[in-house]
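Have a look at the structure below, then the notes.
Protein chains: 2
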Amino acid sequence: MATDQAQSEAAETDTYDEFEQRVQRIANVSNAAGILRWDQEVVMPDEGTPARAKQLSTLSSIGHELLTADETGDLLAELEGETTESAREDGETASSDLNDEQAAVVREVRRRYDRATSVPQDLVEEISETTANAHPTWKQAKEENDFEQFAPTLEKLIELKREYAEHIDPDADPYAVLFAEYEPYLDLEDAERVLERLRDQLVPLIDAIDDSEAEIETDAFAGTFEDDDQEALARDVLDSLGYDWSRGRLDTAPHPFSSGTQFDARVTTRFEEDDLLGSITSTIHEFGHANYTLGLPDEGYGTPLGESRDLSVHESQSRLWENHVGRSRPFWEHFLPIARERFSSLEDVTAAEAYEAANQVYDDNLIRVEADELTYHLHIVIRFEIERDLISGDLEVEDVPEVWNDKYEEYLGVRPETDAEGCLQDIHWSHGSFGYFPTYSLGSVLAAQLYDAAEDELGDLDDDIRAGEFDDLNGWLRENVHQHGCKYTTPNLIEAASGEAFTADYFLEYVEEKYGELYDLEEY
Amino acid sequence: MATDQAQSEAAETDTYDEFEQRVQRIANVSNAAGILRWDQEVVMPDEGTPARAKQLSTLSSIGHELLTADETGDLLAELEGETTESAREDGETASSDLNDEQAAVVREVRRRYDRATSVPQDLVEEISETTANAHPTWKQAKEENDFEQFAPTLEKLIELKREYAEHIDPDADPYAVLFAEYEPYLDLEDAERVLERLRDQLVPLIDAIDDSEAEIETDAFAGTFEDDDQEALARDVLDSLGYDWSRGRLDTAPHPFSSGTQFDARVTTRFEEDDLLGSITSTIHEFGHANYTLGLPDEGYGTPLGESRDLSVHESQSRLWENHVGRSRPFWEHFLPIARERFSSLEDVTAAEAYEAANQVYDDNLIRVEADELTYHLHIVIRFEIERDLISGDLEVEDVPEVWNDKYEEYLGVRPETDAEGCLQDIHWSHGSFGYFPTYSLGSVLAAQLYDAAEDELGDLDDDIRAGEFDDLNGWLRENVHQHGCKYTTPNLIEAASGEAFTADYFLEYVEEKYGELYDLEEY
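In C-alpha cells:
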C-alpha cells in the first residue's frame, strides 16, 4: 500500500501531467497550423486559399478554446497553489512541489491564459475580420499611392487595438500592452531607452559616413546569377554554417521566413537574378532563426520549455548570424572561395571587396527591407515613434504621411516623394501589428550583446569563422540561449547568458568600430 | 415582425446551420491532418517524425471528440425529427423541412457518429497502439522472411477487430462490418458475388493466355530513363489529361498517392530508371483519384456534399483513367509522340507495341503491386478469401502461409517459395485493415461499368482519346459522379450514373474482348 505522502505526491503529479497534456495538445494544434502556413507560402497551389483559410481558422479557434477553457484555469489555479509567488515570476526558484521547469511552464501558460481570457471573443473576431479586409485595402492604397484610401482602416485598427489593450490591462499604457504581445518580459521603457540611444548615436554616425570620402567597393556582386546556381550556393551557405538537414529543408518564398519545431525547422529564401548578396544574407538570417529552433530541447517539445523566447531573442539569433558572422571580413575570407566555385564571375573579387560590398551604407534609401545594417534602425525608430503616438492619441492618422516624411528627412536626410515609398511601404499595420517593429532593432542590439559575451568566453572568433568553423559559437548559443526554451524570462535569460542586463552598449560599440574603420572616420 | 411560420423556419435553419458548422469544423481538422500527412510523405525532413506523430494524434483525437460529442448527437436527433425515415436511407426524397442535400449530410454524419460512438475509446486506443507496434513487427518479419514473428500480432489484431465489429453491430457478420468501414453502402454479399465471378471467369481466361502462342511486344519500354525526364513526361501526362495545376501539384513519394480537397488535390508518383511505363501508369492512376476530388463541388467543401464517396468509387476513377484510357490503343497513338519528344530511344517504338507492352499479362508474378490489369484481381480474391475466413474464425492464423500458397497455385499457377513474397508482402493487415482489399477490385469493376455508360451516352471515345481530347469523358464523370459528392449512397450513385445496379458484366466483357484480341484467343 502507498503511504499518504506517496499518494499526495502522486496526486500532484497527476495534476501537472493533466496540465502538461493540455498544454501539449494546444501546442500540437498550433504547430499543425504552422505546417499549414508553411505549405500555403511554399507549395500550396494558387486556388487552395479558400479551403486553407477555413482550416486555419478552425485550428486557431480550437487552440483558443483549449487555452481559455475553464479546465485550463482550474489546473493553473491548482498548480499555482503549489508554487510560490517568486517562483511564478522568475521561474528560477520554486519552493513548492513543482520543480523549476514545471513552474516556468505554469508561468508562461498563465500569461497566455490571462491575456486570452481577458479579451472578449467578439472583439477578437472583429479584429480578425478587420485585418483580413485591411490587407487588400492597404495593398491597393500602396499600389495607387494613396494614403487616404487606407486611413479609415488604419483609424479603425488603432481603435480596436486600443480597446484590446484596455481589456488586457486597463491601467497600463496601451502601447506597452501591445508591445508585450511580441515581447512580454522586456519593459517598454527599457526598450524605448535603447531605441533612443540608437537614434541619438546612429544619426551622427550615418552623417559622418555620408561626409566620408572613403571609397567603398560596391560592385563586388554586380552581375546576373541564375536561380539554380543561387540555390546551390544557398545550400552551400547552410552546409557551411552546420544546418541540420535531417531536421530541415530549404525552399523559396516571396517573403523569406523560417518556421517549425526542434524536430523540423525549415528555411526559405528567395532569389533575384541581380541580387546574389541578398539571397546569401537572407539565407544566413533565416538560418539563424531555424538554428535557434533546432537548439530547443527535444524533450521540451509541446510545452514552453521546448519553445523559443519571444521576438527580440529570435531576431537576435538571425541578426547574430547574418551580421556578426555573415557580414564579417573573416566570413568572406572563408566563403568567397566557395562562392567562386558556383560563379566564375566572382574570380577577381577579393574577400576585402566582398566584405565592403556586404557592408555599404545606403544613406539615400527609403525602404526598410532594403536598408543596410546601420540605417535600418532609423527606419525602425521612425515607425516606433509614429505607432506609439498613434496608439496614445498624440498623433492623428491623417498626419502620418507628413510626420513620416519629416522624420525621414530629420534622421536619414531623405524625404519620400510618395506614400508608397513612405508610410505605406510596410504590411505590419494592416495586420494590426502595433508594437512589433521595435523587436527588429532590439534583436540586433541583443545579438551584439550575446556575440560579445560569446567571445568573452570563447576568445576572438575571427579565426574560427575564417576556417569555416562554427561549432564553438553555436555550442555557446545552444548552451546559453537555445536549450533553455522559455524556462527563463527574457531579461533573466539575457542576464544569465551575458552576465548583465539588456544594453545597447555592445551594439553601438560594434557598429562604431566596424563602420568607423570601413569609412575611415576619425572620431570613431 | 416575423410570422410564426417564418420564425419556425428560422429556428430550423439555425439548427441545421449549427450542425453544418460543427460538421465543417470536423472536416477542417481532418483536412488539416491530410496536409500534415502529405507533408510527412513528400517533404518532411527525416527526423520530423516524433513531433508529427504527436500533431496527427492530437488532430485525430480532437476530430473524434467533436464527432462523438453529445452536441453532435443532439443536433442529429433534432434534425432527424424533421426527416422521414426513407429520406434518411437514400437521401433522395426528404419529405420534411430538410432539403435533399441537407438530409444527405445528416445521413452521412449519423452513420459516422453511430460508428464512432459505439466503440469504446479504450478499444480505439488499444487498436491504435497495437497497429503502431504491428508495423515494425511486420516489416521485420517480412525482411527476415519469417511469418511466425508476425503471427501473434496478426492474431491479436484479428481479435481486436472482431471486438470492434461486435461493438458496432453485434448481430452482423463481423467481416461485413469491417468491410463497411471502407465501403459503407455496398452489401458484402453483392461484393462477394462480384469477386466470385471474377475468380470464376478470370482463372480460365488467364489459363488461356498462358497457353496462347501470340507474341506480345514486351520490350517497348526497355532501357533506362533519367528521373528528370520522367518527371517532365509525368507533367506532360497530367497536362494532356487536363489536370488543373492551379489546384494541384506533382511530387514524388515512395508509395504514390493522391490527397486533398476540391481546392487543392495533389498527385504523387515515383520514378525508377528502368520503369518508365510504371511511372506513366502510376501518374495516370493518381490523376484519376485527384481528378475525382477536383470534381467535387466547391460549395460543398467541409460537408459530405463536397466529399468523395467511398473507396470503390474512388478506385473506379483511378482505374478508369489508368486502364480504360491509359492502357488503350488510342491513348498510345496520342501519347507516344509526346513521349518521343522526351525520350529519343522511343523513336522506333510503334503505338501498337506500346499498347502491347502496357497490357502484357504476367502469369508468373507473385507480387500484387506488380500485377497486370488481369491477374491483379486474383491477388485480391486470395486476400479477400483469407481475411474473411480469418475474421470468421474458419481459418487459423498459423495456417495462413499454406492456404495462401495453395490458393496462388490454384488460381495463378504459381507457388510462392517464401512468406516474404507470399502472405507477408502487403502492409494492410499490419494496419488492422481487414475488408480493404476487395475495394481495389470493386473499383476496377465499377470503372468498366461507368466507362460503358459514358460511351453509351457520348458514343465511342476512341477518336477523342486518339486526339488527346478528354473533356467529354471528364464532363460526363463530373456530371454523373463527381459533382454529387456523398449526396447519394454508392448503389444509388451507380444506378443513377449507369442506369443499372452494380455488376461485373462490363468488366468481364471488357477484359475478355481486350485480352482475347491481344492474345489471339479463339474462345474469347
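Chains as they are written, first to last, in this note's numbering: chain A, 1 to 524; chain B, 525 to 1048.
Ideal placement from N, C-alpha and C gives every residue a C-beta, glycine not left out.
Per-residue DSSP class, three states only, for A789 of chain B: DSSP places A789 of chain B within a strand segment (E or B) once states are collapsed to three.
Can you name the residues of chain A whose CB is closer than 8 Å to the CB of W769 of chain B? P45
So for S328 of chain A, helix, strand or coil by DSSP? coil
My understanding is that F908 of chain B touches P962 of chain B, with C-beta atoms under 8 Å, so please give their C-beta distance in whole angstroms. 5 Å
Using a Cβ cut-off of 8 Å (strictly closer), state whether D239 of chain A contacts chain B. no
Taking the CB atoms as reference points, tell me whether S782 of chain B and E810 of chain B lie closer together than 8 Å. yes
What residues from chain A crowd round Y825 of chain B, counting only those whose CB sits closer than 8 Å? P50, A51 and K54
Using beta carbons (cut-off 8 Å, strictly below), is I62 of chain A in contact with chain B? Yes, I62 of chain A counts as interfacial toward chain B.
Assuming R319 of chain A and G443 of chain A are in contact, meaning their beta carbons sit under 8 Å apart, how far apart are those beta carbons, in whole angstroms? Right, the Cβ-Cβ distance comes to about 5 Å (below 8 Å), so this counts as a contact.
Continuous beta strand (DSSP E) stretch holding L774 of chain B: start and end: Where L774 of chain B is concerned, the enclosing beta strand (DSSP E) stretches over L774 to T776.
On the three-state DSSP scale, how would you describe G1009 of chain B? G1009 of chain B: coil per DSSP, three-state reduction.
For H526 of chain A, count neighbouring C-beta atoms within 10 Å of its own C-beta (all shown protein chains included) and say buried if the count is 16 or more, exposed if not. Beyond the ends of chain A as shown, which are 1 and 524, falls residue 526 of chain A; an answer cannot be given.
Contacts of F787 of chain B in chain A (Cβ-Cβ under 7 Å): E47, G48, P50 and A51
Apart from the five residues on each side of it in sequence, which residues of its chain come closer than 6 Å, Cβ to Cβ, to I158 of chain A? Within the same chain, and ignoring the five residues on either side of I158 of chain A in sequence, the residues whose Cβ sits closer than 6 Å to its Cβ are L390.
Roughly how many angstroms separate the alpha carbons of G597 of chain B and Q786 of chain B, rounded to a whole number? When the Cα atoms are used, G597 of chain B and Q786 of chain B turn out to be separated by approximately 28 Å.
Interface partners of T582 of chain B on chain A, CB under 7 Å: R25, N28 and V29
For the region 579-592 of chain B against the region 544-555 of chain B, do three or more pairs of beta-carbon atoms, one drawn from each stretch, fall closer than 8 Å, so that the two count as touching? yes
Residues in its own chain within less than 7 Å of H484 of chain A by CB, not counting five upstream and five downstream? Answer for H484 of chain A: L493, listed in chain order.
Classify I209 of chain A as buried or exposed, calling it buried when 16 or more other Cβ atoms lie within 10 Å of its own Cβ. buried
Give a yes or no on whether the C-beta atoms belonging to T252 of chain A and F225 of chain A are separated by under 8 Å. Taking C-beta atoms as the reference points, T252 of chain A and F225 of chain A fail to come closer than 8 Å.
What distance in whole Å lies between the Cβ atoms of F958 of chain B and L702 of chain B, which are believed to be in contact at a cut-off of 8 Å? Confirmed, Cβ separation roughly 5 Å.
Would you tell me roughly how many angstroms separate the C-alpha atoms of H659 of chain B and T874 of chain B, rounded to the nearest one? Those two C-alpha atoms are separated by around 44 Å.
Cutoff 8 Å; reference P698 of chain B; Cβ partners in own chain excluding five residues on either side: Result list for P698 of chain B: K685, R686, A689, E690, I915 and S916, in chain order.
Which value, in whole angstroms, describes the spacing of the CA atoms of V849 of chain B and I989 of chain B? The straight-line gap from Cα to Cα measures roughly 7 Å.
Shortest alpha-carbon distance to R111 of chain A belongs to which of A:Q360, A:E181 and A:G242? A:E181
Tell me whether G260 of chain A sits in a helix, a strand or coil according to DSSP, three-state version. strand
To which residues of the same chain is D888 of chain B closer than 6 Å at the C-beta, ignoring the five residues directly before and after it? V938
First and last residue of the uninterrupted alpha helix (DSSP H) at T1027 of chain B: Premise fails: T1027 of chain B is in no alpha helix (DSSP H) and is neither H nor E.
Could you list which residues in chain B have their beta carbon closer than 7 Å to that of L36 of chain A, in chain order? A556 and I559
Would you check if there are 3 or more beta carbon pairs closer than 8 Å linking the region 514-522 of chain A to the region 453-467 of chain A? no
Taking the C-alpha atoms as reference points, what is the distance between E920 of chain B and Y16 of chain A? 46 Å
For N552 of chain B, which of helix, strand or coil comes out of DSSP? helix
Supposed contact pair S430 of chain A and E571 of chain B - C-beta distance, whole angstroms, cut 8 Å: E571 of chain B to S430 of chain A, Cβ: 37 Å. No contact.
Between the region 358-383 of chain A and chain B, which residues of the former have CB atoms less than 9 Å from a CB of the latter, in chain order? none
Whole alpha helix (DSSP H) runs in the region 438-483 of chain A with 4 or more residues, listed along the chain? Whole alpha helix (DSSP H) segments, 4+ residues: 462-466 and 471-480.
How would you list, in chain order, the residues of chain A whose beta-carbon sits under 9 Å from the beta-carbon of R773 of chain B? V43, M44 and P45
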